[in-house]
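Chemist: Residue 429 in the working numbering sits at position 33 of the sequence shown, and the numbers go up by one each step. This is the structure I want to talk about, given as C-alpha cells.
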Amino acid sequence: MEEEAAERGNLAGVRHILLVLSGKGGVGKSTISTELALALRHAGKKVGVLDVDLCGPSIPRMLKVQGKDVHQCDSGWVPVFVDQDKSISLMSIGFLLENSDDAVVWRGPKKNALIKQFICDVAWGELDFLIVDTPPGTSDEHISTVESLRPYKPFGAVLVTTPQAVSIGDVRRELTFCKKMGLRVIGIVENMSGFVCPHCSECTNIFSKGGGEELAKHAGVPFLGEYLEYGASLGKGWIRGTVW
Numbered sequence: 397m398e399e400e401a402a403e404r405g406n407l408a409g410v411r412h413i414l415l416v417l418s419g420k421g422g423v424g425k426s427t428i429s430t431e432l433a434l435a436l437r438h439a440g441k442k443v444g445v446l447d448v449d450l451c452g453p454s455i456p457r458m459l460k461v462q463g464k465d466v467h468q469c470d471s472g473w474v475p476v477f478v479d480q481d482k483s484i485s486l487m488s489i490g491f492l493l494e495n496s497d498d499a500v501v502w503r504g505p506k507k508n509a510l511i512k513q514f515i516c517d518v519a520w521g522e523l524d525f526l527i528v529d530t531p532p533g534t535s536d537e538h539i540s541t542v543e544s545l546r547p548y549k550p551f552g553a554v555l556v557t558t559p560q561a562v563s564i565g566d567v568r569r570e571l572t573f574c575k576k577m578g579l580r581v582i583g584i585v586e587n588m589s590g591f592v593c594p595h596c597s598e599c600t601n602i603f604s605k606g607g608g609e610e611l612a613k614h615a616g617v618p619f620l621g622e623y624l625e626y627g628a629s630l631g632k633g634w635i636r637g638t639v640w
C-alpha cells in the first residue's frame, strides 16, 4: 500500500528528499536549508523547499518571496517559485497567514494534519532534491514528517549544530531520534563556527569551535564542515570542510 501511495503521490517526481534537523532551536536550520537549496541550484539541480517549521516560517523571507500567494491546481497546491527559471520552489505556512506577524497557536493534531497535507497535496512536479526544513525538537511534528515521507524513501537527514555544549547535547538527542525512526544521518554541519571580518578577513570563533566535529566522530557519522558567517548578510557564509 505504501509503494502504491508513493507512485500516485505528488512526490513521485522527486528524486531525493533531504531533511534538515536539530534538537536545538536557533542553530540555523533554515539558513542551512536555504544555502543548501541555493548551492544545489547553482550546481544545475531543480530544488524544492518544504518549510514545516509551522511556528517560525522564516524561509520565505530568506528567499525574498514573503507575501506571495499560493494557488490551486488539479493536483493540489502550486508551490511558490523563487526565480523566473522555476529552479527553486517553496511551500510554507508563511504563505497561508493573513498577516506575517500572526502566531500559529495550534495544538499538535492540527499541526500534524497540515504537515501531512503539505507532503501529500503540494504539486512539486519533477525535482532533483526536496529539502525539508523542520522545527526544533523530536516530538509530534517530527514523527509526522518522517512517517509521512517514509513511503517516498527519504535520502537522509543533515543535522545542524553550533559549537556550544548546550547545542551539542540537544543534537545528540536528535541523533537518537534518527536512529529510532530509521532515518539515515548524512552528516553534521557546525553552524556559527566563526565570524569572518569583512575588512581584514580574520576569523573569530565567537562561540568556540569543534563541538560539531567532535560529536560527529563520537556518533560515527560524517562531519560535513563548518559554516562561517562573513559580514552580516545571508548568502555570504561558506562551508569550510566538505564540498557540497
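We put the beta carbon where it would ideally sit given N, CA and C, even for glycine. Because the structure is a prediction, the values reported are computed rather than measured.
Spatial neighbours of GLY583 within its chain, please: C-beta separation below 8 Å, excluding the five flanking residues on both sides.
Modeler: Contacts found: VAL554, LEU555, ALA612, VAL617, PRO618, PHE619, LEU620 and THR638.
Chemist: Under 8 Å, with one C-beta from each stretch per pair, do the segment 465-481 and the segment 416-427 reach the 3-pair mark?
Modeler: Contact fails: fewer than three Cβ-Cβ distances are below 8 Å.
Chemist: Closest to ILE370 by C-alpha separation, out of LEU523, ALA509 and VAL410, would be which residue?
Modeler: The shown model of the chain, from 397 to 640, leaves out residue 370, and the question about it has no answer.
Chemist: Strictly by DSSP, which residues pair up with VAL445?
Modeler: Beta-bridge pairing links VAL445 to LEU486 and ILE527.
Chemist: Locate the beta strand (DSSP E) running through GLN468, then write down its first and last residues.
Modeler: Unbroken beta strand (DSSP E) run through GLN468: 467-469.
Chemist: Please confirm whether PHE573 and THR534 have their CB atoms less than 8 Å apart.
Modeler: Yes. Within cutoff.
Chemist: What residues in its chain sit with their C-beta under 6 Å from that of TRP640, if we drop five residues either side in the sequence?
Modeler: Reliability of the predicted coordinates at TRP640 is poor, the pLDDT of 37 falling under 50, and the value obtained from them is presented with this limitation in mind. Once the five neighbours on either side are set aside, the close Cβ partners of TRP640 are ALA435.
Chemist: I'd like the list of long-range same chain contacts for ALA402, defined as Cβ closer than 7 Å, with 5 residues on each side in sequence excluded.
Modeler: With a pLDDT of only 48 at ALA402, under 50, the local geometry of the prediction cannot be trusted, and no value is derived from it.
Chemist: With a threshold of 8 Å on Cβ separation, who are the neighbours of GLY552 within its own chain once the five nearest residues in sequence on each side are excluded?
Modeler: Once the five neighbours on either side are set aside, the close Cβ partners of GLY552 are LEU414, LEU415, LEU579, ARG580, VAL581 and ILE582.
Chemist: Can you grab the Cα-Cα spacing for the pair VAL528 / GLU598, in whole Å?
Modeler: About 34 Å.
Chemist: Provide the residue span of the beta strand (DSSP E) that contains HIS412, from first to last.
Modeler: That run of the beta strand (DSSP E) goes 410-417.
Chemist: Taking the beta carbon of ALA433 as the centre, do at least 16 other beta carbons fall within 10 Å, making it buried, or is it exposed?
Modeler: Per the 10 Å Cβ criterion, buried.
Chemist: Hey, is GLY444 close to the ligand COA, as in C-beta under 7 Å from one of its heavy atoms?
Modeler: Summarising the ligand content, the structure contains no ligands, and the ligand COA is consequently not present.
Chemist: What are the residues that DSSP puts in a beta bridge with GLY590?
Modeler: For GLY590, which the question treats as bridged, DSSP gives the partners LEU624.
Chemist: In the DSSP output, which residue or residues are listed as bridge partners for TRP520?
Modeler: Its beta-bridge partners do not exist; DSSP assigns none.
Chemist: Rounding to the nearest angstrom, what Cα-Cα distance links LEU571 and THR557 in this structure?
Modeler: About 11 Å.
Chemist: In this structure, does DSSP put LEU555 in helix, strand or coil?
Modeler: Three-state DSSP puts LEU555 in a strand.
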